[in-house]
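Participant: When you line the sequence shown up against the numbering used here, it's residues 655 to 962, in that order.
Next up is a structure, given as structure tokens.
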Amino acid sequence: MHPRTPRSPRRGAWRNPACGPRLVDLESGYRTCTRTLQVPAGGDDAERSPADRVLRPGRRRGHAARNDLYHAAEVPMSMPPLHRRVLYLVRHGRADYTSRAYRETPRGPTFDPPLSAEGLEQARLLARRLLRMEPRPVAVACSPLRRALETVAPYAEAAGIQVEVVEDLAEAHLGEWEHLTFEEILATDPEVVERLRNQEAIWHRAPGGERLPEFRARVGRAVEGLLAAHPDGDVLVVAHGGVINAYVGPILGIEHEMFFLPENTSLNSVVVEGERRRVRFLNDVLHLTDPELFEAPAAGPSRDAASG
């Protein structure tokens, strides 16, 4: 056998010199490292022990990554396989925006309306879906604001579970805008309308409002604290559109404070593997658009009836 000519790294390929060869997690797209022994120059792979083999770049066809992008030989891994679980982030149901109710928070008085009749029905359909979820979340946490608490209540009651209320899961505080409707906010600042038309951020313009770095930091601490406290399974969080954006945005590398609007009671999920986070699904509202998918299975005939 002729010795193989070592290939030079792809242009722009990421490499950490302290970690050795680059591995790509094809499912998640995250890059990770493992320690291996380097392949000696020349010679045939069959003449080397498995411990001497490394992942060799495979041949790429076109621009699409193939499953054989990296041919894995038997490489001793420095870390055991990561435990995979899912973080579910749910936005509250539709609120009654005619309400003028407020709640005192560490950040100041915060708009705190109940759910509307439509929102209560959305919460009921959400509960029916969550009851069919397998596996069930090992922990359920919620914002302290009323619209979130009323959203999780039907599921908690039916499942017989305790909900952990976390103050830092509350929506971003908007300062002087807290007491205004959206239409009133647009009227107070003409530039907001123009920014909305051009997909530009607006909430940071609220006088006395919570700054984006601080908001993302408190949401991140709250969510990561829940994941650390419940390492053995999936975690469900019921909160707000801003909270979901604050957690998901940094994962995707998006700086915009509100890059998408989660639908009411939508399921947004993130795969958690050790320190890695991968967005799995956004804005899933199948329980609203196709509620028949989550109907309880019809009870079959009893054994006595079948035998009789």
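Every residue, glycine too, gets a C-beta built ideally from N, C-alpha and C.
Here's the rule I'm using: 16 or more other beta-carbon atoms within 10 Å means buried, otherwise exposed. How should Val847 be labelled?
Facilitator: Looking up residue 847 in the sequence shown gives position 193. It counts as exposed.
Participant: Using a 10 Å radius around the Cβ and a threshold of 16 neighbouring Cβ atoms, would you call Asp944 buried or exposed?
Facilitator: On the sequence shown, residue 944 is found 290 positions in, with the first residue counted as 1. The residue in question, Asp944, is exposed, as its Cβ has fewer than 16 Cβ neighbours within 10 Å.
Participant: With a 10 Å radius around its C-beta and 16 neighbouring C-beta atoms as the bar for buried, classify Asp938 as buried or exposed.
Facilitator: Here residue 938 is taken as the residue at index 284 of the sequence shown, counted from 1. Asp938 is buried by the Cβ-count criterion.
Participant: Taking only three categories from DSSP, how would you classify Asn937?
Facilitator: As a working note, residue 937 is residue 283 in the sequence shown. Strand at Asn937.
Participant: What three-state label does DSSP hand Gly762 in the structure shown?
Facilitator: Taking the first residue of the sequence shown as 1, we reach residue 762 at position 108. In this structure, Gly762 counts as strand in the three-state DSSP scheme.
Participant: Given a threshold of 16 other Cβ atoms within 10 Å of its Cβ, counted over all protein chains shown, does Thr690 qualify as buried or as exposed?
Facilitator: Taking the sequence shown and counting its residues from 1, one reaches residue 690 at position 36. Confidence at Thr690 is low in this model, with a pLDDT of 32, below 50, so its placement is unreliable and the value that follows should be read with caution. Buried: at least 16 other Cβ atoms inside 10 Å.
Participant: Under a Cβ-count criterion, where at least 16 other Cβ atoms within 10 Å of its own Cβ denotes burial, should Thr752 be classed as buried or exposed?
Facilitator: Position 98 of the sequence shown, counted from the first residue, corresponds to residue 752. Classification for Thr752: exposed.
Participant: Select from Leu834, Gly928, Phe869 the residue whose C-alpha is nearest the C-alpha of Met912.
Facilitator: In the sequence shown, counting from the first residue as 1, residue 912 sits at position 258. It is Phe869.
Participant: State the Cα-Cα distance for the pair Ala777 and Ile905, rounded to the nearest angstrom.
Facilitator: Start at 1 with the first residue of the sequence shown, and residue 777 comes out as number 123. Start at 1 with the first residue of the sequence shown, and residue 905 comes out as number 251. When rounded, the distance between both Cα atoms is 28 Å.
Participant: Just how far apart, CA to CA, sit Arg964 and Gly773?
Facilitator: With the chain running from 655 to 962 in the structure shown, residue 964 is simply not present.
Participant: Can you list, in chain order, the residues of its chain whose CB lies under 6 Å from that of Glu821, leaving out five sequence neighbours each side?
Facilitator: Here the question's residue 821 lines up with position 167 in the sequence shown. The answer, listed in chain order, is Pro798.
Participant: Quick check on Leu828: does DSSP put it in helix, strand or coil?
Facilitator: Taking the sequence shown and counting its residues from 1, one reaches residue 828 at position 174. Leu828 falls in the coil class under three-state DSSP.
Participant: Looking at the strands, I want to know which residues DSSP matches up with Val926.
Facilitator: Taking the sequence shown and counting its residues from 1, one reaches residue 926 at position 272. Checking the DSSP bridge columns, you'll see Val926 partnered with Arg739, Arg931.
Participant: Pick out whichever of Leu741, Gly895, Glu854 has its Cα sitting closest to the Cα of Leu915.
Facilitator: Within the sequence shown, residue 915 is the residue found at index 261, counting from 1. Of the listed residues, the one whose Cα sits closest to Leu915 is Gly895.
Participant: Of all the options Val873, Pro808, Glu878, which has the alpha carbon lying nearest to the alpha carbon of Leu823?
Facilitator: As a first step, residue 823 must be located in the sequence shown, where it is residue number 169. Comparing Cα-Cα distances from Leu823 to each of Val873, Pro808, Glu878, the minimum goes to Val873.
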